[in-house]
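Under my numbering, the first residue of the sequence shown is numbered 10, with each subsequent residue one higher.
We put the beta carbon where it would ideally sit given N, CA and C, even for glycine.
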Amino acid sequence: MENTLHFPMIKGAPKPALAECLTGYKKDRLMMIAEQHQVPLKKSFTKARMITELLPTLKTDFLANTDQSRFRTLSLVNEINAHAEAAAYEEAIQKGYIYLFQKDNQLSLVFPKEFADQLQRPAVSEKSESTAFEKSRKNFEQIFGYVDMNFLNQVWNRS
């Protein structure tokens with residue numbers, strides 16, 4: 010790993026998995042990421058243990074700190090290969106959400122597939138929640154029948 014333009018850079022072919030991206034960093038860089046995410050790591054930990062400790066927190070923090078518009082922007086970094094574009098993602102690179110690889114004098118930004126998978130899951134759960142709500146509504150109507158909201162409003166507001 011070498012630092013160019015104040016970005017931590019990983020030498021070698023780009024890897025899509027988060028754990029593989031973290032493996033490209035040295036222990037001191039993993040400690041810096043851990044400090045930013047407030048993960049208690051010791052310098053005596055092995056690199057593998059540091060990565061194991063960091064993975065759940067990185068996934069949780071990413072989901073908590075990224076809205077859909079920011080996610081779309083970050084997910085496009087796999088198509089970008091220039092120093093100027095990398096500067097726009099400095100914060101995400103420093104936090105360990107995006108990784109910068111250098112192979113044969115070509116830069117590649119990598120957005121780990123775990124983050125993309127994580128943000129696709131809530132869309133599925135929203136669908137299941139809406140179907141669960143629809144089932145509950147139908148069950149309620151079968152038990153209690155349908156009542157006009159105006160009637161309920163009049164009954165509720167009687168003195």
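In the structure shown, the three-state DSSP call for phenylalanine 124 is helix.
The Cβ neighbour count for alanine 43, taken over all protein chains shown within 10 Å, is at least 16; the residue is labelled buried.
The three-state reading of DSSP puts glutamine 115 in strand, counting E and B together. Under DSSP, lysine 20 takes part in a beta bridge, and its partners are Gln111. By the neighbour-count criterion, in which a residue is buried when 16 or more other Cβ atoms sit within 10 angstroms of its Cβ, alanine 22 is exposed.
In the DSSP assignment, aspartate 76 falls outside any alpha helix (DSSP H) and carries neither an H nor an E.
Taking a cut-off of 8 Å for Cβ pairs, the region 104 to 124 and the region 63 to 70 touch, as three or more such pairs fall below it.
Comparing C-alpha distances from leucine 83 to each of Ala101, Ile60, Asn162, Met158 shows the shortest one belongs to Ala101. In this structure, leucine 63 sits near leucine 31, with a CB-CB distance shorter than 8 Å. Under the 10 Å beta carbon count, glycine 154 is surrounded by fewer than 16 other beta carbons and is classified as exposed. A direct Cα-to-Cα measurement between aspartate 157 and tryptophan 165 gives close to 12 Å.
When the beta-carbon positions are compared, leucine 109 and isoleucine 19 come within less than 8 Å of each other.
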